[in-house]
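Enquirer: Take a look at this one; I'll ask things after.
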Amino acid sequence: MNIFDKYLDNIKKILLDLSKKGDLILPSSLDGITAEIPPAKFDSDISTNVAMVLSKLNKKSPIDLADILSDKIKGQDKLIDEISVVKPGFINIKFKPIFWTNFIKEIIQNSKSYGINNNEAKKNYLIEFVSANPTGPLHVGHCRGAILGDVIANVLLFNKHKVTKEYYVNDYGNQIINFTKSVYFRIREISFNEPFPIDNEELYPGDYLIDFAKNILNSNKDIDFKNFNNISEKLTELAIEEALKLIKKNLKSLGINHDNFISEKKLVLNHEVEKVIEFLQKNKFVYKGKIKAPAGEDDDNWIEREQLLFKSTDFGDDKDRALQKSDNAWTYFASDVAYHKNKLDRKFDQLINILGADHAGYIKRITSSVEALSNSKGKLICKVSQLVKLIKNKKPFKMSKRKGDYITVDDLINEVGKDATRFIMLNRSSDVELDFDFDNVVEKSKDNPLYYVQYCYVRIASVFRHIGKDLKSDIKIDKYDFEYSKDEINILKKISEWPKCIDTSSNKLEPHRIPTYLFELSSLFHSYWNLGKDNPDKRFINDQKKVTNDKLIFLKAISNIIKSGMDIVGVSVPEKM
RNA sequence: GCGCUUGUAGCUCAAUUGGAUAGAGCGCCUGACUUCGGAUCAGGAGGUUGAGGGUUCAACUCCUUCCGGGCGCACCA
């Protein structure tokens, strides 16, 4: 139940009535009219901008129009206590306490569905995220995008959309050849005692490759590793298998579960690249040509080659993009276009890609290709997750590719845990660089928003424990005949904003709003809790060691929201800390 | 040079998809507490939202021109 949507509907009905009678002129669309949360200082529950939107068209001042409309609105609703018009023309609605009693009854009786938007059409989404090269463990750089993608999926799922989570495995191309060679040299190091060529910059130096090599040797005793050319294909397979095993383990420790892993190599071997290029050729999006050097580039270093290009400039890209290398092999882009054709063929309503900041330059060309393939704009949305700045001992911690100098997901989980990693990584808008302060993240205080929110739940759980009730089970009471106080209504108002929070998070694909909301709700709750210090009436457990029904329901409603919110974020809510 | 992105309190960030007097946390200054439900709370100071122009009843938000930061810019993935 979204009270803002409900009242917006009421208001629109009144507007249509008035316009039928000829008393009001309406624009062709009522989209600009909204029902909002009024700023706290106004002591009001819902506000609408309707008078300001319609004033010009009706040649009346916003205030006059608001006066007329507010009378109409109040006239048809007994639950409204007070309605006021505030400059520059807002109409503010304040409800009687009984409204909030009804409200909490409604959300307690429908606790499973509270927050879900039932008015919107449900879509079938595909979200691709992580898709890190299968050449080693995931590190912090992958982490933020991984969590972002996972939580976006959770929000959409919460809102009853269909979601498929997918990982594109780049198991084809030069990087994979270098990776296989690296594993091979580690095998030689172990089996034939030859030192690993550490100076070869093409190779992957990481120590984890020693483990890969050992695992491969142990489970493939029948293979003779002496001659690389004889076993290169098999070894590639085995090496990728090892890497994927590790990556999946990392994802699992972050609480992330993909539905599909799609292999680039399989797409190529199935000739899906040829097919998609044929398709593009038919539609004149492909031609043989040369790419010019960008301005500022030294012309002497620039080699012009004729190659197969995709006309991404037709869709606003700044240059056309190569599909084929000079040795006729497909570029990464070409197989990615094939992958996106593959996605389109599976008939999703909406495709979402989560990319790291360093791949933002890639967005234009891939959305261009999807537009060319589907003939529709906006079919693919790309979300970029900005960099994470690691801070240790109050100093920035620089990662470099040299071995031992970068932080893996494993390190992160071991040091700060899954919950803190997820909550903090998500706590900020994905568009903004994030400071990840190791010392702060493990701190158990108010400075750490995770614990602040969890502690709220713990406090509620402790009340239930004291009276021998289970917080997790549903509560049923006979009569909702009580009235909430001002302090309590204040929190109920916040609870009424929850569907709006879900809506915005879901529509804008901005899940950071959820931790922010939970923090605000928790803050109100902690304040209320502390009122009990001076005022026994505000304590949940009274002198008779009992909790009255109104308080019990009130606590349950708050804990329900915290639980659903934390479930979406993918973080636990302990009952004791 | 071009493209994307970002600039909000001393610091880290929000701001309800264009709304009202721009809000939190940290830090600073008061105050509650012999752990009672303190992993908490109450109060205070702190702002020309990088700068200018425009659109709008209304701009942190949209457009535009500058300025500063980040990322990217061949056949790598």
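Using our numbering, read the first sequence as starting at 45 and increasing by one per residue. Don't be surprised by glycine CBs; every beta carbon is placed ideally from N, CA and C. Just so it is clear, the structure is predicted and the values come from calculations on it, not from any experiment.
Taking the continuous beta strand (DSSP E) assigned at E172, which residues delimit it?
Expert: Taking the first sequence and counting its residues from 1, the one referred to as residue 172 is at position 128. Residues N168 to E172.
Enquirer: Would you tell me roughly how many angstroms separate the C-alpha atoms of N593 and Y450, rounded to the nearest one?
Expert: Reading the first sequence from its first residue, position 549 is the one you call residue 593. Reading the first sequence from its first residue, position 406 is the one you call residue 450. Going by the C-alpha atoms only, they are around 54 angstroms apart.
Enquirer: How many whole angstroms separate the CB atoms of I321 and A378, which I take to be in contact at a CB cut-off of 8 angstroms?
Expert: Your numbering for residue 321 matches position 277 in the first sequence. Your numbering for residue 378 matches position 334 in the first sequence. I321 to A378, Cβ: 7 angstroms. Contact.
Enquirer: Does the Cβ-Cβ distance between I107 and G133 come in under 8 angstroms?
Expert: Sequence index remark: in the first sequence, residue 107 carries index 63 (1-based). Sequence index remark: in the first sequence, residue 133 carries index 89 (1-based). Result yes, Cβ atoms of I107 and G133 sit closer than 8 angstroms.
Enquirer: With Y252 as the anchor, note down where its alpha helix (DSSP H) starts and where it stops.
Expert: By one-based count along the first sequence, residue 252 stands at place 208. Segment Y252 to S263, the alpha helix (DSSP H) holding Y252.
Enquirer: Which residue marks the beginning of the alpha helix (DSSP H) containing G119, and which one marks its end?
Expert: Within the first sequence, numbered from 1, the residue matching residue 119 stands at position 75. That run of the alpha helix (DSSP H) goes P106 to G119.
Enquirer: Judging by CA-CA distance, which residue of F480, L353 and I306 is the nearest neighbour of K363?
Expert: Walking along the first sequence from the start, residue 363 turns up at place 319. Comparing Cα-Cα distances from K363 to each of F480, L353 and I306, the minimum goes to L353.
Enquirer: Would you list the residues sitting across from Q394 in a DSSP beta bridge?
Expert: Taking the first residue of the first sequence as 1, we reach residue 394 at position 350. Answer by DSSP bridge pairing, in chain order: Y169.
Enquirer: Residues in the same chain with beta-carbon distance under 8 angstroms from N386, minus the five sequence neighbours each way, listed in chain order, please.
Expert: What you label residue 386 is simply residue 342 of the first sequence in a count that begins at 1. Cβ within range, chain order: I306, L311 and E316.
Enquirer: Determine the extent of the beta strand (DSSP E) in which N136 is found, giving its start and end residues.
Expert: Reading the first sequence from its first residue, position 92 is the one you call residue 136. Looking at the DSSP string, the run of the beta strand (DSSP E) that includes N136 is F134 to F139.
Enquirer: Taking the Cβ atom as the reference point for each residue, do F147 and L536 lie within a distance shorter than 8 angstroms?
Expert: If you number the first sequence from 1, residue 147 lands on position 103. If you number the first sequence from 1, residue 536 lands on position 492. Their beta carbons are under 8 angstroms apart, which means F147 touches L536 by this criterion.
Enquirer: Buried or exposed: F236, going by 16 or more other Cβ atoms within 10 Å of its Cβ?
Expert: Translated into positions along the first sequence, residue 236 becomes position 192. With fewer than 16 Cβ atoms within 10 Å of its Cβ, F236 is classed as exposed.
Enquirer: Would you kindly report the start and end of the unbroken alpha helix (DSSP H) that includes S608?
Expert: Walking along the first sequence from the start, residue 608 turns up at place 564. It spans N593 to V613 - the alpha helix (DSSP H) in which S608 sits, taken as one unbroken run.
Enquirer: Indicate whether K296 and Y524 have their beta-carbon atoms separated by less than 8 angstroms.
Expert: Residue numbering aside, residue 296 sits at position 252 when the first sequence is read from its first letter. Residue numbering aside, residue 524 sits at position 480 when the first sequence is read from its first letter. Cβ distance not < 8 angstroms, so K296 and Y524 don't count as in contact.
Enquirer: Count the other CB atoms, across all protein chains shown, that sit within 10 Å of the CB of F86; report buried if there are 16 or more and exposed otherwise.
Expert: For this step, residue 86 is matched to residue 42 along the first sequence. Under this definition F86 is an exposed residue.
Enquirer: Quick one: what does DSSP say G576 is sitting in, helix, strand or coil?
Expert: Walking along the first sequence from the start, residue 576 turns up at place 532. Residue state, collapsed to three classes: helix.
Enquirer: Note down, in chain order, each residue of its chain lying with its Cβ closer than 7 angstroms to the Cβ of A464, except the 5 sequence neighbours on either side.
Expert: For the purposes of this step, residue 464 is taken as the residue at position 420 of the first sequence. Hits under 7 angstroms: V485, V486 and L494.
Enquirer: What does a CB cutoff of less than 6 angstroms around Q351 pick up in its chain, not counting 5 residues either side in sequence?
Expert: If you number the first sequence from 1, residue 351 lands on position 307. Counting only Cβ-Cβ distances below 6 angstroms, and skipping sequence neighbours, we find A366 and Q368.
Enquirer: Going by C-alpha to C-alpha distance, which of K589, N301, I597 and K293 sits closest to D522?
Expert: Here residue 522 refers to the residue found at position 478 of the first sequence. Taking only the C-alpha atoms, the option nearest D522 is I597.
Enquirer: Please state whether DSSP places R409 in a helix, a strand or coil.
Expert: What you label residue 409 is simply residue 365 of the first sequence in a count that begins at 1. Helix at R409.
Enquirer: Answer yes if the segment 231-250 comes into contact with the segment 329-338, meaning at least three C-beta pairs across the two stretches below 8 angstroms, and no otherwise.
Expert: The segment 329-338 is not in contact with the segment 231-250.
Enquirer: Secondary structure at F272, three-state DSSP: helix, strand or coil?
Expert: Taking the first sequence and counting its residues from 1, the one referred to as residue 272 is at position 228. If DSSP states are grouped into helix, strand and coil, F272 belongs with the helices.
Enquirer: For P618, collect the residues of the same chain with a Cβ closer than 7 angstroms to its Cβ; drop the 5 residues on either side in sequence, then sort them by chain order.
Expert: Taking the first residue of the first sequence as position 1, residue 618 is located at position 574. Here the set comprises Q498 and V502.
Enquirer: According to DSSP, simplified to helix, strand and coil, what is E541?
Expert: Your numbering for residue 541 matches position 497 in the first sequence. Coil.
Enquirer: Drop a sphere of 10 angstroms on the beta-carbon of D380, count the other beta-carbons inside from all chains shown, and report buried for 16 or more, exposed for fewer.
Expert: The residue you call residue 380 lines up with position 336 of the first sequence. D380 should be labelled buried.
Enquirer: Does the segment 553-569 come into contact with the segment 183-196, if we say contact requires no fewer than three beta-carbon pairs (one atom in each stretch) closer than 8 angstroms?
Expert: Touching, yes, given that three or more Cβ pairs across the two stretches are closer than 8 angstroms.
Enquirer: If you compare alpha carbons, which of K258, Q219, L261 and N259 is closest to E246?
Expert: For the purposes of this step, residue 246 is identified with residue 202 of the first sequence, where counting begins at 1. The candidate whose alpha carbon is nearest that of E246 is Q219.
Enquirer: What do you reckon, are the CB atoms on I81 and K56 nearer than 8 angstroms?
Expert: On the first sequence, residue 81 is found 37 positions in, with the first residue counted as 1. On the first sequence, residue 56 is found 12 positions in, with the first residue counted as 1. No, the Cβ-Cβ distance between I81 and K56 is not below 8 angstroms.
Enquirer: Quick check on this structure: which residue in H403, R472 and D483 has the alpha carbon closest to the alpha carbon of K439?
Expert: By one-based count along the first sequence, residue 439 stands at place 395. Of H403, R472 and D483, the residue nearest in Cα terms is D483.
Enquirer: Relative to the C-alpha of P17, which candidate in T224, M621 and D251 has its C-alpha closest?
Expert: No answer is possible for residue 17: the residues shown for the chain start at 45 and end at 621.
Enquirer: By how many angstroms is the C-alpha of V184 removed from the C-alpha of V476?
Expert: Here residue 476 refers to the residue found at position 432 when the first sequence is read from its first residue. Here residue 184 refers to the residue found at position 140 when the first sequence is read from its first residue. When rounded, the distance between both Cα atoms is 16 angstroms.
Enquirer: Just tell me which of T224, Y528, A79 and D578 has its CA closest to the CA of N136.
Expert: What you label residue 136 is simply residue 92 of the first sequence in a count that begins at 1. Selected option, being the one with the closest Cα: A79.
Enquirer: When the Cβ atoms of the segment 57-65 are set against those of the segment 505-521, are three or more pairs found closer than 8 angstroms?
Expert: Segments in contact, no.
Enquirer: Can you give me the start and stop residues for the beta strand (DSSP E) that E210 sits inside?
Expert: For the purposes of this step, residue 210 is identified with residue 166 of the first sequence, where counting begins at 1. Start and end: K206 to V213.
Enquirer: When the Cα atoms are used, what is the spatial distance from I160 to L434?
Expert: Position 116 of the first sequence holds residue 160. Position 390 of the first sequence holds residue 434. Distance between the alpha carbons of I160 and L434: 35 angstroms.
Enquirer: Taking the C-alpha atoms as reference points, what is the distance between L68 and S114?
Expert: Here residue 68 is taken as the residue at index 24 of the first sequence, counted from 1. Here residue 114 is taken as the residue at index 70 of the first sequence, counted from 1. Distance between the alpha carbons of L68 and S114 is about 14 angstroms.
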